[in-house]
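Novice: Line order of the protein sequences matches chains A and B.
Counting along the first sequence from 1, when you hit position 162 you're at 165 in the working numbering, and nothing is skipped either side.
Counting along the second sequence from 1, when you hit position 247 you're at 250 in the working numbering, and nothing is skipped either side.
Number of protein chains: 2
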Amino acid sequence: MSVDVEKLCSAAAAVRFDIQSLPEEARNHALMHAAELLESSADDILSANETDLSAARENGMSKGMLDRLTLTKDRIRQMADGIRVVVSLPDPLGEVLDEFDRPSGIHIKKVRVPLGVIGIIYESRPNVTADAFALTFKTGNCVVLKGGSDALYSNIAITAVLRKALSDCGIPEDAVVLIPSADREDTARFMQMREYIDVLIPRGSAGLIRAVVENSRIPVIETGSGNCHIYVDKDADIDMAVRIILNAKTQRIGVCNAAESLVVHREIEEKFLPVLAKAMKDAGVLLYADEESIAFLPGSEAATEEDFAREYLDLKMSVKVVGSTEEAIAHINRYHTRHSDCIITENRDAAALFLEKIDSACVYWNASTRFTDGFEFGFGAEIGISTQMLHARGPMGLKELTGYKYLIEGTGQVRA
Amino acid sequence: MSVDVEKLCSAAAAVRFDIQSLPEEARNHALMHAAELLESSADDILSANETDLSAARENGMSKGMLDRLTLTKDRIRQMADGIRVVVSLPDPLGEVLDEFDRPSGIHIKKVRVPLGVIGIIYESRPNVTADAFALTFKTGNCVVLKGGSDALYSNIAITAVLRKALSDCGIPEDAVVLIPSADREDTARFMQMREYIDVLIPRGSAGLIRAVVENSRIPVIETGSGNCHIYVDKDADIDMAVRIILNAKTQRIGVCNAAESLVVHREIEEKFLPVLAKAMKDAGVLLYADEESIAFLPGSEAATEEDFAREYLDLKMSVKVVGSTEEAIAHINRYHTRHSDCIITENRDAAALFLEKIDSACVYWNASTRFTDGFEFGFGAEIGISTQMLHARGPMGLKELTGYKYLIEGTGQVRA
Numbered sequence: 004m005s006v007d008v009e010k011l012c013s014a015a016a017a018v019r020f021d022i023q024s025l026p027e028e029a030r031n032h033a034l035m036h037a038a039e040l041l042e043s044s045a046d047d048i049l050s051a052n053e054t055d056l057s058a059a060r061e062n063g064m065s066k067g068m069l070d071r072l073t074l075t076k077d078r079i080r081q082m083a084d085g086i087r088v089v090v091s092l093p094d095p096l097g098e099v100l101d102e103f104d105r106p107s108g109i110h111i112k113k114v115r116v117p118l119g120v121i122g123i124i125y126e127s128r129p130n131v132t133a134d135a136f137a138l139t140f141k142t143g144n145c146v147v148l149k150g151g152s153d154a155l156y157s158n159i160a161i162t163a164v165l166r167k168a169l170s171d172c173g174i175p176e177d178a179v180v181l182i183p184s185a186d187r188e189d190t191a192r193f194m195q196m197r198e199y200i201d202v203l204i205p206r207g208s209a210g211l212i213r214a215v216v217e218n219s220r221i222p223v224i225e226t227g228s229g230n231c232h233i234y235v236d237k238d239a240d241i242d243m244a245v246r247i248i249l250n251a252k253t254q255r256i257g258v259c260n261a262a263e264s265l266v267v268h269r270e271i272e273e274k275f276l277p278v279l280a281k282a283m284k285d286a287g288v289l290l291y292a293d294e295e296s297i298a299f300l301p302g303s304e305a306a307t308e309e310d311f312a313r314e315y316l317d318l319k320m321s322v323k324v325v326g327s328t329e330e331a332i333a334h335i336n337r338y339h340t341r342h343s344d345c346i347i348t349e350n351r352d353a354a355a356l357f358l359e360k361i362d363s364a365c366v367y368w369n370a371s372t373r374f375t376d377g378f379e380f381g382f383g384a385e386i387g388i389s390t391q392m393l394h395a396r397g398p399m400g401l402k403e404l405t406g407y408k409y410l411i412e413g414t415g416q417v418r419a
Numbered sequence: 004m005s006v007d008v009e010k011l012c013s014a015a016a017a018v019r020f021d022i023q024s025l026p027e028e029a030r031n032h033a034l035m036h037a038a039e040l041l042e043s044s045a046d047d048i049l050s051a052n053e054t055d056l057s058a059a060r061e062n063g064m065s066k067g068m069l070d071r072l073t074l075t076k077d078r079i080r081q082m083a084d085g086i087r088v089v090v091s092l093p094d095p096l097g098e099v100l101d102e103f104d105r106p107s108g109i110h111i112k113k114v115r116v117p118l119g120v121i122g123i124i125y126e127s128r129p130n131v132t133a134d135a136f137a138l139t140f141k142t143g144n145c146v147v148l149k150g151g152s153d154a155l156y157s158n159i160a161i162t163a164v165l166r167k168a169l170s171d172c173g174i175p176e177d178a179v180v181l182i183p184s185a186d187r188e189d190t191a192r193f194m195q196m197r198e199y200i201d202v203l204i205p206r207g208s209a210g211l212i213r214a215v216v217e218n219s220r221i222p223v224i225e226t227g228s229g230n231c232h233i234y235v236d237k238d239a240d241i242d243m244a245v246r247i248i249l250n251a252k253t254q255r256i257g258v259c260n261a262a263e264s265l266v267v268h269r270e271i272e273e274k275f276l277p278v279l280a281k282a283m284k285d286a287g288v289l290l291y292a293d294e295e296s297i298a299f300l301p302g303s304e305a306a307t308e309e310d311f312a313r314e315y316l317d318l319k320m321s322v323k324v325v326g327s328t329e330e331a332i333a334h335i336n337r338y339h340t341r342h343s344d345c346i347i348t349e350n351r352d353a354a355a356l357f358l359e360k361i362d363s364a365c366v367y368w369n370a371s372t373r374f375t376d377g378f379e380f381g382f383g384a385e386i387g388i389s390t391q392m393l394h395a396r397g398p399m400g401l402k403e404l405t406g407y408k409y410l411i412e413g414t415g416q417v418r419a
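1) Between Pro-26(B) and chain A, is any beta-carbon pair separated by less than 8 Å?
2) Would you verify that the beta carbon of Glu-176(A) is, or is not, closer than 8 Å to some beta carbon of chain B?
3) For Phe-382(B), decide whether its Cβ has a neighbour in chain A, counting only Cβ atoms nearer than 8 Å.
4) Tell me whether the region 74 to 84 of chain A and the region 36 to 44 of chain A touch, counting them as touching only if at least three CB pairs, one residue from each stretch, are closer than 8 Å.
5) Leaving out five residues before and five after Ile-48(A) in sequence, what residues of the same chain have Cβ atoms less than 8 Å from its Cβ?
6) Please work out which residues of its chain come closer than 7 Å, Cβ to Cβ, to Tyr-315(B), disregarding the five sequence neighbours upstream and downstream, and give them in chain order.
7) Name, in chain order, the residues that DSSP records as bridge partners for Phe-382(A).
8) Rounding to the nearest angstrom, what Cα-Cα distance links Met-35(A) and Cys-172(A) in this structure?
9) With distances taken Cα to Cα, identify the nearest neighbour of Asp-362(A) among Asp-201(A), Ala-83(A), Thr-226(A), Gly-397(A).
10) What beta strand (DSSP E) runs, 3 residues minimum, are completely inside the region 130 to 168 of chain A?
11) Note the first and the last residue of the continuous alpha helix (DSSP H) segment covering Gly-85(B).
12) Thinking C-beta only, is Val-322(A) closer than 8 Å to Asp-293(A)?
13) Which residue or residues does DSSP assign as beta-bridge partners of Phe-103(A)?
14) By alpha-carbon positions, which one of Ile-109(A), Val-89(A), Val-90(A), Arg-115(A) ends up nearest to Asp-101(A)?
15) Take Arg-220(B) and list the residues in its own chain whose beta-carbon comes closer than 6 Å to its own, dropping the five residues that flank it on each side.
16) So is Ile-109(A) in contact with chain B if we call contact Cβ pairs under 8 Å?
17) Using a Cβ-Cβ cutoff of 7 Å, what residues of the region 108 to 127 of chain A are near chain B? List them in chain order.
18) Could you check where the beta strand (DSSP E) with Thr-405(A) kicks off and where it finishes?
19) Compute the Euclidean distance between the alpha carbons of Leu-169(A) and Leu-96(A), then round it to the nearest angstrom.
20) For a test of the three-state rule: what should DSSP assign to Tyr-338(B), helix, strand or coil?
21) What do you get for Val-88(B), buried or exposed, if any count of 16 or more other CB atoms within 10 angstroms of its CB means buried?
22) Under 9 Å between beta-carbons, which chain A residues line up against Asn-336(B)? List them in chain order, please.
23) Return helix, strand or coil for Asn-350(B), following the three-state DSSP convention.
24) Comparing alpha-carbon positions, which option in Val-99(B), Ile-111(B), Ser-24(B) lies nearest Cys-365(A)?
25) Span of the alpha helix (DSSP H) holding Glu-27(B)?
26) Comparing the C-beta of Leu-276(B) with each C-beta of chain A, is any distance below 8 Å?
27) Considering Arg-187(B), what are the terminal residues of the beta strand (DSSP E) in which it resides?
28) Output yes or no for whether 8 Å exceeds the beta carbon distance between Arg-206(A) and Ile-123(A).
29) Output the boundary residues of the alpha helix (DSSP H) element that contains Val-258(B).
30) Would you kindly report the start and end of the unbroken alpha helix (DSSP H) that includes Val-3(B)?
31) Counting only Cβ-Cβ distances shorter than 7 Å, please list the residues of the region 392 to 409 of chain A near chain B, keeping chain order.
32) Assuming Glu-272(A) and Phe-311(A) are in contact, meaning their beta carbons sit under 8 Å apart, how far apart are those beta carbons, in whole angstroms?
33) Measuring straight from C-alpha to C-alpha, what distance separates Asn-260(B) and Tyr-367(B)?
34) Just checking, does the region 50 to 68 of chain B make contact with the region 149 to 156 of chain B on the three C-beta pairs under 8 Å criterion?
35) Considering only residues of the same chain and omitting the five flanking positions on each side of Phe-136(A), which have a CB-CB separation below 7 Å?
36) Checking the sheet assignment: what are the DSSP bridge partners for Val-223(A)?
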C-alpha cells in the first residue's frame with residue numbers, strides 16, 4: 004500500500020485553523036457523536052480487526068500481543084465510553100493564564116490555545132486510535148496518527164468512523180488523519196513533516212521512542228521509558244517499605260511507572276533484606292543483588308552494572324546497598340530515566356533532601372510510584388507520561404496538549 | 004584547535020545537581036562577583052578581542068559586523084551591568100505552581116525547577132557569552148556555550164573570567180563551559196549531545212537556526228526568525244497606521260520583531276496607500292507591491308510570491324491588498340513565521356477576529372510589533388523570542404528557562 008505522507012499531513016494542517024476555532028459545544032457534540040458511531044459501527048470494526056488478527060496469527064504473534072490487538076463489542080464500548088469521559092472534562096481552551104498592563108500603555112494577555120497539529124506514533128493497541136483522537140480534538144488540535152502495522156485494518160476502520168462522525172457534524176474530517184501504511188519508510192517520512200506537524204508524541208516501547216527521538220525533525224515529547232527506583236532509607240518503616248515495593252513492582256509489571264530498581268541503606272539491610280527476600284519470593288520476583296546485599300537475599304542473582312539501568316517490565320528487580328541518602332541520590336540520578344522515584348523513610352530531613360535532589364518528573368515520599376498516572380493525578384485523562392524536561396513533565400492530560408499565545412492591545416503605541 | 008566536545012558537555016552535566024541546589028543568595032553573590040571581575044579584567048578581555056578583530060579585519064569583515072564584534076571598556080561595563088540587572092530579578096526557582104490532595108490520600112505539589120543543562124549556539128557578538136551565563140545561572144542551570152568563530156578569543160577570555168568568579172565563590176566552574184572551537188564539525192557534534200544537554204537554544208541568523216533545527220538531536224527552542232505582518236483594516240485610523248508602520252519597520256531594521264510585510268484592506272487603499280507611499284519614501288523604505296497596490300505606490304517594485312515570505316531585515320517591505328479581514332488572516336497565517344503580527348483598526352469585531360485567528364506568539368491590536376521583547380513585556384531579561392509552540396512562545400525570560408517536577412507525599416499509599 005503506497006501512501007502520500009506529505010499530502011496526508013498537509014491535509015490536517017490545512018484545517019487546523021477551522022478546528023482551533025470550534026466552540027467547546029461543537030467539539031463535545033462531535034465527540035459524543037463519534038462515541039455513538041463507534042458503537043453502532045462495531046460490526047465493521049470487528050470485521051477489520053479480524054483481518055488483522057488472522058494475519059497476526061499466521062505470523063505467529065504471541066498470545067499477549069494477540070490479546071492487545073483483539074477488539075470485542077465490549078472493548079469497543081469501552082473505547083466509546085473513554086471518549087464520553089473526555090467530553091465531560093472541563094475545556095482548557097481560552098483560559099487566561101496571565102494578564103497585565105505595561106508602562107508603555109500596552110495591555111498584555113496570555114491565553115491558552117491548541118498546539119496545532121499533533122502527530123502520534125504508536126504500537127499495536129487499536130484503542131489508542133480513538134483515545135488519541137478524543138484528547139487531541141477536545142483540545143482543539145488536529146491529529147495525524149501512525150499506528151502499528153499489526154493493527155492497520157483496525158485503525159483504518161476506526162479512523163473512518165471518527166472521520167464520518169466529524170463530517171456528519173459539518174466539521175472537516177481531516178481533523179483526524181491516519182497514515183494507512185505498514186511501511187517503515189512512511190514512518191521515517193512522517194517524522195520529517197515539521198512544516199505541518201507541531202509536536203510528535205511516540206507511544207510504545209523504548210525502542211520506538213528511541214527511534215523517534217533520534218530521527219524526528221519535529222519537536223518530540225519523549226514518553227514512557229521508566230526505570231523507577233525505590234530507596235529504603237535507614238529510618239524506613241519496614242512493613243510500609245515491603246507493601247510499597249510489592250505494589251510498585253508487581254501490581255502491573257508491564258507499565259512505565261512500575262518499580263525496577265531498589266536502593267537500600269546499609270544500616271537497615273540486616274533487618275530489612277530478609278523480610279524483603281521472603282515477600283519477593285512469595286510474589287515470584289527475581290532479585291538481581293549487588294555484592295553486599297546478595298548475602299541477605301537467598302535465591303537472588305548477582306547484579307551487573309547493566310542491571311541498575313534496566314527497565315525489566317517483568318517480575319525482576321535490581322538491589323543496590325548504599326551508605327547514605329546522598330549516595331542513594333547520586334546512584335538514582337545516574338541510572339534512572341527521570342520518570343518516578345521514591346524514598347521510604349520516617350525521617351523528614353532525609354525525605355526533604357531526596358525530594359529536592361532527585362531529578363525526576365515525579366518524586367515520592369512513602370507512596371507507590373504506580374501513582375504516576377493522569378487519572379491518579381486527577382487530570383481525568385492521559386496521553387502519556389513525559390520523561391523530558393521541555394514543555395510537559397510527568398503525566399500529560401488535556402492542558403499539556405495546549406500552548407499559549409500573547410494578545411496585546413494598544414491605542415497606537417510605538418516603541419521609543 | 005581540537006576539542007573534546009563530549010568531555011566538555013559531560014563536565015557541565017556532572018555538576019548540574021550542585022548548581023540546582025545553590026540557594027538564591029549563593030547564585031546572586033556569584034553573579035555580582037562575576038560582574039565585578041569582568042570590569043577588573045577588562046584589559047585581558049580587550050586584548051583577546053583585539054586578536055579576534057585583527058583576524059576579522061584581515062578576512063575583510065564588513066563594518067557592521069566589525070562593530071558587533073568590537074568590545075570597549077564601556078561595552079564591558081554594560082555587560083557587567085547586564086549581569087547586575089539579572090541579579091536584581093526575582094528568583095523563579097522553588098515556586099509552587101500547583102498543589103492538591105487526591106482521594107487516594109497522596110498530596111501532590113508541582114514546583115518550578117531548573118531545566119538542567121542548557122546549550123546555546125550563537126554568532127558574533129561576544130556580549131551574549133556573559134548574558135547567557137547570567138540568565139542560565141540565575142535560574143540554577145548549567146550552560147554550554149558555542150559562540151561564533153569570529154569571536155573565539157573574546158569568548159575564551161570572557162568565559163575564563165566567569166569560571167574564575169565561580170571558583171572564587173566555591174562553586175564548580177563547569178557551570179559555564181565554552182566549546183573553544185571554530186570548527187563546524189564540533190558544532191555538529193555538540194548538537195548530538197542529548198545525553199548531557201536538556202535543551203538547545205540557537206541565537207542568530209535564520210540560517211543558523213535552520214541548521215540547528217535540522218541537525219539537533221537535543222530538543223531545540225526555535226528562536227528569532229520574524230516575518231512580522233501589519234494589517235491595515237478598512238476601519239483603520241490612517242495616522243495611527245502610518246505611525247505604527249514607521250516604527251515597526253524603521254526604528255531598528257535588523258531585529259526579528261521589525262515588520263516586514265504589509266497587508267491592506269481594499270476599501271482603504273485609495274485613502275491610505277498614497278499617504279503610506281510618501282511616509283515610506285521619506286523614511287527611505289523600498290516597497291514591494293502586489294499588482295493592485297503598485298498603482299498607488301510610486302517608486303515601488305513589483306512583489307513576487309517570495310517577497311511575501313521574506314524577512315528583509317532592511318529598509319524594505321512587501322505590500323498585499325486583500326478584500327476582507329478573513330483574507331488578511333489567511334494570507335498572514337500562510338506567510339508569517341508565527342512571531343508577531345498586528346491589526347490596525349477601530350473596529351472591535353475585526354480586531355477580535357484577528358486576535359483569535361492569527362497563529363503567532365504575539366498578536367497585536369493597534370500597537371507596534373517592536374514590543375515583542377522580554378524587557379517590554381516586563382520580564383526584566385530575555386534569552387530570545389521563541390517562534391515554536393512547545394514549552395515557551397514569544398519572549399523568553401527567566402521563567403522560560405525553568406521546568407517543573409511533581410513532589411508526592413504519602414503515608415504508605417499503594418495503588419489499588
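Ideal Cβ placement from N, Cα and C applies to all residues, glycine included.
Specialist: Put simply:
1) Numbered from 1 along the second sequence, position 23 holds the residue referred to as residue 26(B). Closer than 8 Å: no.
2) What you label residue 176(A) is simply residue 173 of the first sequence in a count that begins at 1. It does not; no Cβ of chain B falls within 8 Å.
3) For the purposes of this step, residue 382(B) is taken as residue 379 along the second sequence, with counting starting at 1. For Phe-382(B), the answer is no, since every Cβ of chain A falls outside 8 Å of its Cβ.
4) yes
5) Here the question's residue 48(A) lines up with position 45 in the first sequence. Cβ neighbours of Ile-48(A) beyond the five flanking positions: Leu-41, Leu-74, Ile-79, Ser-157, Ala-160, Ile-161, Val-164.
6) Locating residue 315(B) in the second sequence gives position 312, counting from the first residue. Correct list, in chain order: Glu-263.
7) Counting from 1 along the first sequence, the entry for residue 382(A) is found at position 379. Bridge partners of Phe-382(A): none, in fact.
8) Along the first sequence, one-based indexing puts residue 35(A) at 32. Along the first sequence, one-based indexing puts residue 172(A) at 169. Each residue's alpha carbon lies about 11 Å from the other.
9) In the first sequence, counting from the first residue as 1, residue 362(A) sits at position 359. Closest by alpha carbon: Gly-397(A).
10) 145 to 149
11) Reading the second sequence from its first residue, position 82 is the one you call residue 85(B). Its alpha helix (DSSP H) spans residues 76 to 91.
12) For the purposes of this step, residue 293(A) is taken as the residue at position 290 of the first sequence. For the purposes of this step, residue 322(A) is taken as the residue at position 319 of the first sequence. Yes, the Cβ-Cβ distance between Asp-293(A) and Val-322(A) is below 8 Å.
13) Stepping through the first sequence from its first residue, residue 103(A) is reached at position 100. Per DSSP, Ile-111(A).
14) Position 98 of the first sequence, counting from 1, holds the residue named residue 101(A). Considering only alpha carbons, the answer is Arg-115(A).
15) Here residue 220(B) refers to the residue found at position 217 of the second sequence. Closer than 6 Å at Cβ, skipping near neighbours: Gln-195, Arg-197.
16) Looking up residue 109(A) in the first sequence gives position 106. Yes, Ile-109(A) lies at the interface with chain B (some Cβ there is under 8 Å from its Cβ).
17) Ile-109, Ile-111, Leu-118, Gly-119
18) Walking along the first sequence from the start, residue 405(A) turns up at place 402. Taken as a continuous stretch (DSSP letters only), the beta strand (DSSP E) holding Thr-405(A) covers 405 to 416.
19) Position 166 of the first sequence holds residue 169(A). Position 93 of the first sequence holds residue 96(A). Distance between the alpha carbons of Leu-169(A) and Leu-96(A): 20 Å.
20) By one-based count along the second sequence, residue 338(B) stands at place 335. DSSP places Tyr-338(B) in helix when its eight states are reduced to three.
21) For the purposes of this step, residue 88(B) is identified with residue 85 of the second sequence, where counting begins at 1. Label assigned to Val-88(B): exposed.
22) If you number the second sequence from 1, residue 336(B) lands on position 333. Here the neighbours are Phe-20.
23) On the second sequence, position 347 is the one that residue 350(B) refers to. Residue state, collapsed to three classes: coil.
24) If you number the first sequence from 1, residue 365(A) lands on position 362. Among Val-99(B), Ile-111(B), Ser-24(B), the Cα nearest to that of Cys-365(A) is on Ile-111(B).
25) As a first step, residue 27(B) is located in the second sequence; it is residue number 24 there, counting from the start. Residues 27 to 43.
26) For the purposes of this step, residue 276(B) is identified with residue 273 of the second sequence, where counting begins at 1. For Leu-276(B), the answer is no, since every Cβ of chain A falls outside 8 Å of its Cβ.
27) Locating residue 187(B) in the second sequence gives position 184, counting from the first residue. Element bounds for Arg-187(B): not the beta strand (DSSP E) but the alpha helix (DSSP H), 187 to 193.
28) Translated into positions along the first sequence, residue 206(A) becomes position 203. Translated into positions along the first sequence, residue 123(A) becomes position 120. Closer than 8 Å, so yes.
29) Taking the first residue of the second sequence as position 1, residue 258(B) is located at position 255. Where Val-258(B) is concerned, there is no enclosing alpha helix (DSSP H), given that its DSSP letter is neither H nor E.
30) Within the shown structure, residues of chain B are numbered from 4 to 419, placing residue 3(B) beyond reach of any answer.
31) Met-392, Leu-393, His-394, Arg-396, Gly-397, Gly-406, Tyr-407, Lys-408, Tyr-409
32) Reading the first sequence from its first residue, position 269 is the one you call residue 272(A). Reading the first sequence from its first residue, position 308 is the one you call residue 311(A). With 8 Å as the limit, Glu-272(A) and Phe-311(A) do not qualify as a contact, their Cβ atoms being about 17 Å apart.
33) In the second sequence, the residue the question calls residue 260(B) occupies position 257. In the second sequence, the residue the question calls residue 367(B) occupies position 364. Roughly 12 Å between the two C-alpha positions.
34) yes
35) Within the first sequence, the letter at position 133 stands for residue 136(A). Closer than 7 Å at the Cβ level, and outside the excluded window around Phe-136(A), lie Val-146, Leu-165, Val-179.
36) As a position in the first sequence, residue 223(A) is number 220, starting the count at 1. BP columns for Val-223(A) point to Leu-203(A).
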